[in-house]
Amino acid sequence: MEGSLLGIKGQYLLLDTGVINIRKYTGYQVVANCVP
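Its first residue numbered 1, the sequence shown is counted upward by one per residue in the UniProt record's numbering.
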C-alpha cells in the first residue's frame with residue numbers, strides 16, 4: 001500500500017489513499033520513505 005501519511009489515530013495510520021490498521025500487520029516489516 002502506498003500513500004502520504006496524513007496522521008495517526010490510535011492503532012490506525014491515516015493515508016491520503018485510505019486507512020491502515022497497524023495491528024493487522026503485527027510481525028511484518030514496514031518500510032517508510034520520508035520525502036520533503
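Positions of the beta carbon are idealized from the N, C-alpha and C atoms, including for glycine.
**Where residue 25 falls: helix, strand or coil (DSSP)** = Working through the sequence shown from its first residue, we reach residue 25 at position 25. Of the three classes helix, strand and coil, the one that applies to residue 25 here is helix, per DSSP.
**Reduced DSSP secondary structure (H/G/I, E/B, other) of residue 18** = Indexing the sequence shown from 1 puts residue 18 at position 18. Three-state DSSP puts residue 18 in a strand.
**Message:** In the DSSP assignment, the beta strand (DSSP E) including residue 10 goes from what residue to what residue?
**Reply:** Within the sequence shown, numbered from 1, the residue matching residue 10 stands at position 10. Where residue 10 is concerned, there is no enclosing beta strand (DSSP E), given that its DSSP letter is neither H nor E.
**Asked** Excluding five sequence neighbours on each side, which residues of the same chain lie with their C-beta closer than 8 Å to the C-beta of residue 22?
**Response** Here residue 22 refers to the residue found at position 22 of the sequence shown. Counting only Cβ-Cβ distances below 8 Å, and skipping sequence neighbours, we find 11, 12 and 13.
**Asked** Whose CA, out of 36, 27 and 4, lies closest to the CA of residue 18?
**Response** On the sequence shown, position 18 is the one that residue 18 refers to. The shortest CA-to-CA distance from residue 18 to any of 36, 27 and 4 is the one to 4.
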